[in-house]
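**Q** One structure coming up, written as structure tokens, with questions to follow.
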Amino acid sequence: MSEDYISLKWGTLKAWNLTSPKGRELFEKYVALGSSASAMLQRDTPEQKQLICQMIDECGADAITLDWEGIDVSKEEAKRYVMEY
Numbered sequence: 000m001s002e003d004y005i006s007l008k009w010g011t012l013k014a015w016n017l018t019s020p021k022g023r024e025l026f027e028k029y030v031a032l033g034s035s036a037s038a039m040l041q042r043d044t045p046e047q048k049q050l051i052c053q054m055i056d057e058c059g060a061d062a063i064t065l066d067w068e069g070i071d072v073s074k075e076e077a078k079r080y081v082m083e084y
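Numbering that gives the first Met the number 0 numbers the first residue of the sequence shown as 0 and each following residue consecutively.
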């Protein structure tokens, strides 16, 4: 079982744990662009959305959680959710 996970809410990161150096680097880039402690208040830029998609690809988990919906989805569905929100 992977220690990695990503949970998305309102089209952005809600909770995450990325254990790879690349995953942590992507997250640091995301935060450096500016982020809110609240998923509800976060307004991701196109660059931040791309970074979230890269984090999803880097995540060792088989599925990504959509918190509001209470479901797990494939990485492709999760990326579509982020980009289309």
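Even for Gly, the Cβ is constructed at its ideal location relative to N, Cα and C.
1. Take Gln53 and list the residues in its own chain whose beta-carbon comes closer than 8 Å to its own, dropping the five residues that flank it on each side.
2. Who are the near neighbours of Ser19 in its chain, counting only those whose CB is closer than 7 Å to its CB and skipping five residues on each side?
3. Report all residues from its chain with a CB closer than 7 Å to the CB of Lys48; omit the five preceding and five following residues, and keep chain order.
4. May I ask you to report which of helix, strand or coil DSSP gives Met0?
5. Report the CB separation of Thr44 from Leu7 in whole angstroms; it is logged as a contact under 8 Å.
**A** Looking at the atomic coordinates:
1. Leu25
2. Glu57, listed in sequence order.
3. Same-chain partners within the cutoff: Val81 and Met82.
4. The pLDDT assigned to Met0 is 45, lower than 50, so where the model puts this residue is not dependable, and the model offers no usable value.
5. Between Leu7 and Thr44 the Cβ distance is about 16 Å, and since that is not below 8 Å, they are no contact.
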